[in-house]
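J.:
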Amino acid sequence: MFTSFERPDNLPDAIAQQIRLKILAGDFEQGAKLPTEYELSEIFKVSRNVVREAIARLKLNGLIETRRGIGSFVSQNARARRFEVLAEDLLDIGQLRQIYQLRIEIESGAAALAAENRTETQLLALEDALVRADESKGDWERGVEVAIKFHLAVTQCSNNFYFIRLMEHLSYVIHKAVRTLRYSSTGTERIGRVEYEHHAVVDAIRLQDAEQARQAMRMHLSNGMARYSCMQENTKNK
Numbered sequence: 001m002f003t004s005f006e007r008p009d010n011l012p013d014a015i016a017q018q019i020r021l022k023i024l025a026g027d028f029e030q031g032a033k034l035p036t037e038y039e040l041s042e043i044f045k046v047s048r049n050v051v052r053e054a055i056a057r058l059k060l061n062g063l064i065e066t067r068r069g070i071g072s073f074v075s076q077n078a079r080a081r082r083f084e085v086l087a088e089d090l091l092d093i094g095q096l097r098q099i100y101q102l103r104i105e106i107e108s109g110a111a112a113l114a115a116e117n118r119t120e121t122q123l124l125a126l127e128d129a130l131v132r133a134d135e136s137k138g139d140w141e142r143g144v145e146v147a148i149k150f151h152l153a154v155t156q157c158s159n160n161f162y163f164i165r166l167m168e169h170l171s172y173v174i175h176k177a178v179r180t181l182r183y184s185s186t187g188t189e190r191i192g193r194v195e196y197e198h199h200a201v202v203d204a205i206r207l208q209d210a211e212q213a214r215q216a217m218r219m220h221l222s223n224g225m226a227r228y229s230c231m232q233e234n235t236k237n238k
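Each residue of the sequence shown is one higher than the last, beginning at 1 in the UniProt record's numbering.
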C-alpha cells in the first residue's frame with residue numbers, strides 16, 4: 001500500500017506525505033478508517049510517536065479527523081479542500097519537477113497577459129528587476145531572491161488579480177525550487193543562459209508581443225525543468 005523510503009531528515013513529514021497522496025488519489029475513501037498507529041508504525045518501521053506526529057500534521061491540514069478510542073478517519077471533504085502547496089510537496093526532485101510543470105503553464109500565460117496589459121510604470125519596475133537579476137549572477141544565494149522578484153514582477157505586469165494571488169501563494173515553493181536549481185547550476189553555463197532567457201521575456205513584454213512573451217517564458221521554465229530531469233536521473237543512478 002505504501003512505498004518504502006530511505007530515512008529522510010523529517011520522518012513525520014515523509015510519512016504524512018505518503019498518507020496525504022493516498023487520500024488525494026482516492027486510495028482511502030472519504031470517511032474511511034486509516035490503519036492504526038501500531039499498524040502504521042510497523043509499515044514504516046518507525047515509533048508510534050513518529051506516526052502520531054504525522055497524523056497531527058494531516059489533522060492540522062484538514063485531511064483527517066480523529067475519534068478518541070476509535071482511530072483516525074479521512075475527512076468527508078478531504079479531496080474538496082482548497083488548493084495549496086505544502087512543505088511536504090517539496091521533499092524530492094521529482095516533486096520539484098512537477099512544481100516546474102505547474103509554473104510553465106501558469107507563468108507563460110501570465111507573461112502573455114503582461115505583454116498585453118503592462119503599464120509603463122510596471123515595465124520600468126520589471127526592467128529594474130532584470131538589472132538586479134543580471135547583477136546577482138555571481139552570487140547564487142542573492143540570485144535566488146532576485147529571480148523570484150523578477151518572476152513576480154512579470155506577473156504584476158499581467159494586471160490580473162488572480163494570477164498575482166496565485167503566484168504570491170506559490171512564492172515559497174518557487175523559492176525552494178529556484179534555490180535547488182541555482183545551487184546545482186553554480187559555475188555552469190546554465191546561469192548565463194538564464195540571463196539571456198530573462199532578457200528575451202522582458203524584450204517581448206516591452207514590445208507588447210503576447211505570443212513571443214508566452215514562448216519566451218515557456219522556454220525559460222522548460223529549460224529549468226530539463227535541469228531537474230537531469231538531477232532526477234542522476235539521483236536514480238546513484
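Built from N, CA and C at the ideal position, the CB exists for glycine as well.
Tell whether a beta-carbon distance below 8 Å holds between C157 and L126.
T.: Yes; because the gap between Cβ atoms is below 8 Å, this pair is in contact.
J.: Taking just the CA atoms, how far does Q95 sit from R193?
T.: One C-alpha to the other measures close to 24 Å.
J.: For F44, report the span of its alpha helix (DSSP H) as first-last.
T.: Where F44 is concerned, the enclosing alpha helix (DSSP H) stretches over E37 to F44.
J.: Helix, strand or coil: how does DSSP classify T119 here?
T.: Three-state result, T119: coil.
J.: Taking its Cβ as the centre, do 16 or more other Cβ atoms sit within 10 Å of F163, making it buried, or is it exposed?
T.: F163 should be labelled buried.
J.: Decide yes or no for the touch test of the stretch 95-112 against the stretch 215-227: beta carbon pairs closer than 8 Å, at least 3 of them.
T.: Yes: at least three Cβ pairs fall under 8 Å.
J.: Give every residue of the same chain whose Cβ lies closer than 8 Å to the Cβ of Q76, excluding the five residues on either side of it in the sequence, and list them in chain order.
T.: The residues are Q30 and G31.
J.: Assuming the contact rule is C-beta atoms closer than 8 Å, M225 and R97 should be a hit. Round their C-beta distance to whole Å, please.
T.: So it is a contact: roughly 6 Å between Cβ atoms.
J.: Can the beta-carbon of V51 be found closer than 8 Å to that of E65?
T.: Not a contact, by the Cβ cut-off of 8 Å.
J.: Please return the same chain residues whose Cβ sits closer than 6 Å to the Cβ of I174, not counting the five positions on each side in sequence.
T.: Only I148 meet the Cβ criterion.
J.: Is V202 near the ligand ZN, judged by its Cβ being under 7 Å from some heavy atom?
T.: Annotation note on the ligand ZN: not contained in the displayed structure, which lists no ligands.
J.: Let me confirm a value: I205 is counted as buried when at least 16 other C-beta atoms fall within 10 Å, else exposed. Which label applies?
T.: It counts as buried.
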